[in-house]
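Scroll down for the structure; my scribbles are underneath it.
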Amino acid sequence: MPTILVSDLLGREVRDSRGTALGRVQDVVVRRTADGGYEVVGLVTGRSSVAGRWGYGGSLAPPPLLRAVLRRLRAHERYLRWDHIAELGETVRTSVPGERLGRRWSDVDPA
Amino acid sequence: MFAKSAAGPSARLAVGLAAGLAVAAAAAGCVPGPALTAEGYHRHVEQSATALLSAVRTGTLAARLAEEGRAFGPALDTAVSGAEDDARSVADTFASRQPPTPGEDAVRDRLTGLADNAGDGLGDLRIALRRGDDATARQAAGDLADTAQSLEAVLAAEARR
Amino acid sequence: MKRVLAFTLGFLTAIGGFLDVGDLVANSLVGARFGMSLAWVLPVGVVGAALFTEMSARVSAISGRATFDLVRERMGARAGLANLLASYTITLLTLAAEIGGVALALEIATSVHYLLWVPVVLVLVWIVLWRLPFQAMEQTYGLLGLALVAFGVALWQLGPDWGALLGGALHPAPPPGEDWPTWWYYAIAVFGAAMTPYTVLFFSSSGVEEGWTKKDLGQARTNVFIGFPLGGLLALAVMACAAVVFMPAAIQVEHLSQVALPVAAGLGRIGLAVVIVGLFAATFGAALEAALAAGYSVSQYFGWAWGKARAPASAPRFHSAVLLTLLLGTAVILTSLDPIKVTEYSIVLSAAALPLTYLPILIVANDRDYLGEHVNSRVTNALATGYLVLVLVVSVATLPLMVYTKAGQ
Amino acid sequence: MPDPDTTVEVLRLGFAALDRQIYDSDDRPVGKVDDIELAWGEADTAPRVSAVLTDTAALGPRLSGRLGRAWAAFLRRAGAGGGPVRIPIGSVVEFRPATRLSMRAPARVWAAEDWLREHVIGRIPGAGRADDPGQ
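Right, here's the structure in full:
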């Protein structure tokens, strides 16, 4: 069974179907399956994951100034559904143009 | 293996910060180079005189505390020994620096003499305090007070330049 | 009655524990050189330290998580490690300074050269860490550190011109002969000494070790909000003593032995003896805290079992890290670097590195996932945002100022 | 207000699993989730999480770049071989707030801990004594 490490995915360059750079892979999104496993449903791309790791999750309500900074730091984040990946090489290529990617997984995949 | 040079900005920030701290600490710890200009030499004179005055006055303070019986031996000994070390190291550093023009020779001679007085006076005071020799200690304190006055005169003259 | 005792012990410990060799050196040095013109930095530092410590106490009491556990989780492996390296280095430097401080206090008491005391101090610190129970350790050194109150009494006995002192404090500008960059550089030193990160690392981890819950939060807050300002007053007294005794005589503070002289001038032999006990206790307690803080941060980053209250055999990696850090800190001091210089660098670099611990704590203190209803209030957040800007400015300004002023020469 | 991105069904691995503390079934702190392994089965369209990796050896690739290479070189010199410790996903009860295992951690994660206990810490008198909780 072929395997891959999350650390190996993180940091790979991401380009859309027209070759525009979308940053790098910052995170891997999984979904709990009926049998109790975790299935990959997509990737988070962007320039940096740090603000995302801080500001992510909706439970954070930082003071206004900090919130503005965190939001700006996360402005580049995009969600890439697994079935929109055309090629998973050293560079990850998407099968759709960059502007069609949502900001959160729920924007495009209400499943 | 894939090249993943994409350090997060905050990682770079933190690494940069750590490296910067080390470099700055190293840079700031360096002694200034040899005084090349008259201006630089006079700054050196001022710094040395200020440091000497501080050491000498630490000595006179310790002598006063000893005379009034307000402090015990080891604490005074440590304070005076520290001041003596400072004075001697200032004297060494000062003597090693060459004045850029003959015009600075006079101030150099004057301060070199005062630096020696300071070191010797503090040394005398330290020994007298250790021996409990009040008369000598009082004498050394008097000498130190004179040295302090002369150092103040040097500083005042430098300030008028 | 027992509650009252615990309460009293708590904030007395906080007062004594507030001062370490960095505060003593920075405040004495600044008082001698700049009079009271930098006194305003102390309240700024004390409020910052109280704010910062209260937030981390709340995080550890409610979520049961210590600082570096959260740093790794929230910043990731790489940024977290960079943070760890920076924090560890500064904590190590602080530890070295404190070990030097204990040795210098022993030199003042005995006139035996401090370098000969350093190995003795290493052994003493380690034995206390190994054998003395946590609370006994904290309380002993906190209470003995209270002996530094002698600075306040001495100031009163010296009978200074209070109006002139107050006037100096209300006139925040460099005295004649000093320039603005140097003045600001020492403002950062006083600020960094009041807000040392190791204290926060230690405080949050000890909260986890002692199993704080919501119920203990009130007491922890009282300790911080009463103890730190009173500790700040002691720091102010150290500064004022130096301003009264040293500044008119043009004495610059280069040695710890000088720091104690104003107390001798004000109170005589007994005061001097008391203050030396205080110097010893404050630096010794800080050495214990810094050594533990270093061990805590490394263990929390890697996820090892940690804790001083655990039997060492059940947390060998943590205890090895503490021991190794102690040996490294001792080695730094044994190179015969001037302990006072080490102290100055440690507090200034602490100030530069503050955002590394401050920011993660501020962010987590706003996360309902961890704190539920105990997240920062609006007032706390307004204040904390102000301090965030302040620590960032300080952090950016420190290194250029350090280079420009040749470390305040 | 629950965020749909963090519901129980969907989680971001980097956020919710990586770098979290691992406790085993005896409540012992095992280490951090240093990496996560994904695997494709024959019938799968997307990979599934197959294991979590821990131990400092798993940290190198996470650090990547110069830091990662330095880390790997350091571990090689320190003689830590054998690769990271692999814990199959079936033994992971939950990821948040901390990763809990339904089994005892494999003996290999304690290698450094055991070595230090036997050769350094355990040899010092009093190593077996903890603080009295009431003191």
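Protein chains in written order, with full-length UniProt numbering: chain A, 1 to 111; chain B, 1 to 161; chain C, 1 to 409; chain D, 1 to 135.
By construction, the Cβ of each residue, glycine as well, lies at the ideal position given by its N, Cα and C atoms.
It should be emphasised that the depicted structure is a prediction, and the values quoted were computed from it without experimental measurement.
Scanning the segment 104–158 of chain C from its first residue to its last, the whole alpha helix (DSSP H) runs of 4-plus residues come out as 114–131, 134–145, 150–158.
If you compare the alpha carbons of C:Ser257, C:Gly372, C:Asp367, C:Gly232 with that of Leu66 (chain A), the shortest gap goes to C:Asp367. The continuous alpha helix (DSSP H) containing Ala118 (chain B) extends over residues 105–131.
By the neighbour-count definition (other C-beta atoms within 10 Å, threshold 16), Trp162 (chain C) is an exposed residue. Under DSSP, Asp35 (chain D) takes part in a beta bridge, and its partners are D:Leu53. Straight across, the Cα-Cα distance linking Val96 (chain A) with Ala290 (chain C) is about 54 Å. For the C-beta of Gly73 (chain B), the chain C residues within less than 8 Å are, from N- to C-terminus, Ser111. Boundaries of the beta strand (DSSP E) harbouring Gly42 (chain A): 38–46, taken from the DSSP string.
Using a CB distance cut-off of 8 Å, Leu101 (chain D) does not count as an interface residue toward chain A.
Take the alpha-carbon of Glu46 (chain B) and the one of Val154 (chain B): they are about 8 Å apart.
Assignment of beta-bridge partners to Ala21 (chain A) by DSSP yields A:Arg15. The beta carbon of Arg12 (chain D) sits closer than 8 Å to some beta carbon of chain A. CA-to-CA, the gap between Lys406 (chain C) and Tyr185 (chain C) works out to about 10 Å. Within 10 angstroms of the beta-carbon of Met1 (chain A) lie fewer than 16 other beta-carbons, which makes it exposed. Relative to Val59 (chain C), the option among C:Ala397, C:Val403, C:His374, C:Ala313 whose CA is nearest is C:His374. Contact between Ser320 (chain C) and Ile89 (chain D) is absent: CB atoms are separated by about 32 Å, not below the 8 Å threshold. Leu116 (chain C) counts as exposed, since fewer than 16 other beta carbons sit within 10 angstroms of its beta carbon. For Phe68 (chain C), no CB of chain D lies under 8 Å from its own CB, so it is not counted at the interface with that chain. Listed by position along chain C, the residues whose Cβ is nearer than 8 Å to that of Asp77 (chain B) are Ser111. Residue-level contact check: Pro47 (chain D) touches chain A, since one or more beta carbons of chain A fall below 8 Å from its beta carbon. Nearest to Ile15 (chain C) by C-alpha distance, out of C:Leu236, C:Val364, C:Thr357, is C:Leu236.
With contacts defined as CB atoms closer than 8 Å, Val109 (chain D) and Ser102 (chain D) fail to qualify as a contacting pair. Ranked by how close their Cα comes to the Cα of Arg43 (chain B), the residues B:Arg108, B:Ala141, B:Ile127 have B:Arg108 in first place.
The alpha-carbon separation between Ala61 (chain C) and Asp216 (chain C) amounts to approximately 7 Å. In this structure, Ala71 (chain B) lies near Leu272 (chain C), with their beta-carbon atoms less than 8 Å apart.
In this chain, the beta strand (DSSP E) harbouring Ala86 (chain A) covers 85–88. Not one beta carbon of chain A lies nearer than 8 Å to the beta carbon of Ile124 (chain D). The C-beta of Ile127 (chain C) has fewer than 16 other C-beta atoms within 10 Å across all chains shown, which makes the residue exposed.
C-alpha of Ala397 (chain C) to C-alpha of Thr50 (chain B): approximately 27 Å in a straight line. Apart from the 5 residues on each side of it in sequence, Ala127 (chain D) sits with its Cβ closer than 7 Å to the Cβ of Ile121 in its chain, given in chain order. Contact check for Gly45 (chain C) against Gly168 (chain C) fails: the beta carbons are separated by 8 Å or more.
Using a CB distance below 7 Å, the part of the segment 35–57 of chain A facing chain C consists of Ser49, Val50, Arg53, Trp54, Gly57, ordered along the chain. Secondary structure of Val375 (chain C) (DSSP, three-state): coil. The beta carbon of Ala353 (chain C) does not come within 8 Å of any beta carbon belonging to chain A, so the residue lies off that interface.
Taking C-beta separations shorter than 7 Å and ignoring five residues to either side along the sequence, the partners of Val149 (chain C) in its chain run Leu234, following chain order. Assignment of Gly102 (chain A) by DSSP, reduced to helix, strand and coil, places it in the strand class.
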